[in-house]
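Structure, as C-alpha cells:
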Amino acid sequence: LKSLTDNDVYHLTRFTLQDLKRTSKLLDLPPTFSTLSGARLSGEEAFFLVLCRLAWPTRLETLAIFFPYSPGTILEAVNWILSFIYQNWDFLLHDFNSRLASEHLSTTKLDLFASKIHAKGAPLKACWGFIDCTIREICRPTRWQKECYNGYKHMHAVKYSAV
637 LKSLTDNDVY
647 HLTRFTLQDL
657 KRTSKLLDLP
667 PTFSTLSGAR
677 LSGEEAFFLV
687 LCRLAWPTRL
697 ETLAIFFPYS
707 PGTILEAVNW
717 ILSFIYQNWD
727 FLLHDFNSRL
737 ASEHLSTTKL
747 DLFASKIHAK
757 GAPLKACWGF
767 IDCTIREICR
777 PTRWQKECYN
787 GYKHMHAVKY
797 SAV
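The sequence shown begins at 637 in my numbering and counts up one residue at a time.
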C-alpha cells in the first residue's frame with residue numbers, strides 16, 4: 637500500500653488514498669490483526685484488499701499476483717475485516733431507530749443531501765440516492781435468450797442494480 641500512488645489506489649478501489657485512510661479510521665479498524673493462519677496485516681491494508689475485492693470482478697489468485705499475500709491470506713483478511721465491520725456497524729443496517737442511524741437518516745439530513753445534489757446540477761430537488769447498475773456480459777444462453785439480451789449494449793448480459 638505504501639508503494640502505490642493515489643492514482644493506483646483509486647484505480648484499484650475507486651477510493652482515493654486519503655478516503656481509504658479516513659474511512660478506515662471512521663470504521664475504527666484495528667491498527668493490526670492476525671489471520672487464523674498467522675499473517676499480520678494492518679486494518680487499513682486489509683480494508684484496501686476488501687475494496688480491491690469488491691471493485692474488481694476477479695479471483696483471489698489474480699489479486700495474489702499484485703499483492704505480497706497468498707490467496708488464502710487475502711481471503712482470511714477480507715473475511716476478517718468484513719466480519720469486524722459487520723459486528724461493529726450492523727445496527728446501522730437493522731436498527732433505524734438507533735441514535736446514530738436516526739441522525740443520518742433523518743428528514744433533515746435527507747433534505748440536506750438532496751439540496752447538495754441539486755446544487756451540483758441534478759434536475760431533481762428531492763433525490764438523495766442513485767442507482768448503480770453493473771452489467772456483466774454472459775455467453776449466449778440456450779434458455780432465456782430474450783430476457784438476457786441487452787439491447788443497449790448489444791450483448792447477452794446479467795444486470796445488478798443497487799441504490
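Where is the CB? At the ideal position from N, CA and C, for every residue including glycine.
Expected contact under 8 Å - CB spacing of LEU653 and GLU681 to nearest Å: Rounded, the Cβ-Cβ distance is 12 Å, inconsistent with contact.
Span of the beta strand (DSSP E) around SER678: 676 to 678
Within 8 Å, strictly: CB atoms of PRO777 and HIS792: yes
DSSP-derived helix/strand/coil call for LYS638: coil
Assigned secondary structure, PHE703 (DSSP; H/G/I helix, E/B strand, else coil): coil
Own chain residues within Cβ distance below 8 Å of ILE710, not counting five before or after: LEU685, ARG689, LEU696, LEU699, ALA700 and PHE703
GLU712 beta carbon less than 8 Å from that of LEU760: no
With 16 other Cβ atoms within 10 Å as the buried cut-off, status of SER606: Outside the displayed range of the chain (637 to 799) lies residue 606, so it cannot be described from this structure.
CA nearest to the CA of SER719, picked from CYS763, GLY679 and GLU739: GLY679
Paired residues, beta bridge with LYS795 - DSSP: ILE771
Where TYR785 falls: helix, strand or coil (DSSP): strand
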